[in-house]
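Undergrad: Numbered according to my numbering, the first sequence terminates at residue 267, and the numbering increases by one at each position without gaps. For each residue, glycine too, the CB sits at the ideal point set by N, CA and C. The structure displayed is predicted, hence computed values, not measured ones. I am attaching a structure below and will ask some questions about it afterwards.
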Amino acid sequence: MPELIEVEQYREALDVLCGGTVRSLDIADSAFARPRGVPLGVFDALVGQALTATSRHGKLLLAHFGTDGYVVGMRFGMTGRLLIDGTSPIEALEYASRRNDPAWDRAIIDIGGRVVAIRDQRRLGSIELDPDTRQLGVEASAITADALHRVCSRRTKAIKAVLLDQRLIAGLGNLLADETLWQAGIDPRRPAGALSEVEIDTLASTTVATVQTLSARGGSHTGDSFELRLDGARCVLCSGSMTHDTVGGRSTWWCATHQS
DNA sequence: ATGCCTGTTCTACC
DNA sequence: CGGTAGAACAGGCA
8 MPELIEVEQY
18 REALDVLCGG
28 TVRSLDIADS
38 AFARPRGVPL
48 GVFDALVGQA
58 LTATSRHGKL
68 LLAHFGTDGY
78 VVGMRFGMTG
88 RLLIDGTSPI
98 EALEYASRRN
108 DPAWDRAIID
118 IGGRVVAIRD
128 QRRLGSIELD
138 PDTRQLGVEA
148 SAITADALHR
158 VCSRRTKAIK
168 AVLLDQRLIA
178 GLGNLLADET
188 LWQAGIDPRR
198 PAGALSEVEI
208 DTLASTTVAT
218 VQTLSARGGS
228 HTGDSFELRL
238 DGARCVLCSG
248 SMTHDTVGGR
258 STWWCATHQS
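In structure tokens:
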């Protein structure tokens with residue numbers, strides 16, 4: 008997605024509309040709604056409800072409506088953007104088309120006359136009424152060493168796979184995970200449970216710092232290792248050679264020298 | 001033309 | 001229970 012940094016930008020844009028009332032809600036593509044097969048009519052309950060607050064859990068953007076506790080969850084897949092009156096806090100996503108076609112608007116909500124749209128070329132995002140946030144793990148942007156220790160403890164799968172598992176840690180995507188491990192000097196293939204206490208401490212604080220730094224820079228693609236994601240690249244920290252393989256099911260780049 | 005891509009979810013299998 | 005691999009979803013770009 009849009010990783011948590013981008014979704015937070017979407018949340019801030021949406022938050023401006025708090026106080027407005029839903030005039031209409033249109034989901035253009037029924038396949039975009041979750042859970043699969045849910046009748047689109049359930050979303051009609053939102054019409055007439057006021058947007059009271061916005062929040063975010065990992066990559067899930069939550070819009071809270073009315074006094075009855077309606078919550079709309081929005082996911083943005085690989086190429087989803089949030090637009091308000093046709094403009095988005097993120098004009099173009101890495102790895103997405105530079106085209107910007109209104110035909111890709113999968114859900115449109117009129118809140119107090121302002122038009123909120125989820126524009127998603129690839130349709131890997133979704134919208135859901137009252138999503139179950141208990142399925143999501145600890146928020147990555149504020150993860151503590153204790154929380155990371157609990158998540159890694161006795162787990163045999165690769166640390167990169169743990170960082171990406173939204174049920175364990177919510178918010179990190181492929182770029183943030185690679186950048187964090189690169190900054191922390193940890194090999195993405197290491198079994199999570201084999202990390203030392205010191206490495207867990209380092210990884211937790213590096214995760215928080217990386218999210219903070221890249222947020223200030225403006226996106227998940229602004230990490231110091233992002234430009235090293237190509238064959239033959241040399242690590243800018245130690246001049247070791249960058250390695251590319253699949254880890255945790257995702258394309259992974261790391262420094263063969265200083266990440267151990 | 002083939003492979004690749006900031007994601008999630010499902011099945012099959014060990 | 002834990003974990004892995006592959007496919008599916010989908011579409012544009014190098």
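State the beta-bridge partners of M81 as determined by DSSP.
TA: BP columns for M81 point to L68, I134.
Undergrad: Got a sec? Which residues, its chain only, sit under 7 Å from Q142 by beta carbon, not counting five neighbours each side?
TA: These residues qualify, in order along the chain: R174.
Undergrad: In chain order, which continuous runs of the beta strand (DSSP E) of length 3 or greater are located wholly inside the region 86-158?
TA: The qualifying runs are 87-91, 112-118, 121-127, 133-136.
Undergrad: Excluding the 5 residues preceding and the 5 following T163 in the sequence, name in chain order all residues of the same chain whose CB lies nearer than 8 Å to its CB.
TA: Here the set comprises P198, A199, G200.
Undergrad: Tell me the residue span of the alpha helix (DSSP H) that contains L11.
TA: Element bounds for L11: 11-22.
Undergrad: Closest by CA to V23, which one among V123, L67, F83?
TA: Closest by alpha carbon: V123.
Undergrad: Going by C-alpha to C-alpha distance, which of D139, G26, E98, E10 sits closest to R126?
TA: Closest option to R126, Cα to Cα, is E98.
Undergrad: Specify whether the region 92-109 and the region 149-169 touch according to this definition: at least 3 beta carbon pairs, one from each stretch, less than 8 Å apart.
TA: Because the criterion of three Cβ pairs below 8 Å is not met, the region 92-109 and the region 149-169 do not touch.
Undergrad: Since L179 is in the beta strand (DSSP E), which residue starts that stretch and which ends it?
TA: Run containing L179: none; DSSP gives neither H nor E here.
Undergrad: Shortest alpha-carbon distance to T94 belongs to which of D112, G180, V79?
TA: With distances taken between Cα atoms, T94 lies closest to D112.
Undergrad: Cα separation between A191 and H265?
TA: When rounded, the distance between both Cα atoms is 9 Å.
Undergrad: For the region 200-214 and the region 222-238, state whether three or more C-beta atom pairs, one from each stretch, are separated by less than 8 Å.
TA: Because the criterion of three Cβ pairs below 8 Å is not met, the region 200-214 and the region 222-238 do not touch.
Undergrad: Note down the Cα distance separating G256 from A40, rounded to an integer number of angstroms.
TA: Computed Cα separation, rounded: 26 Å.
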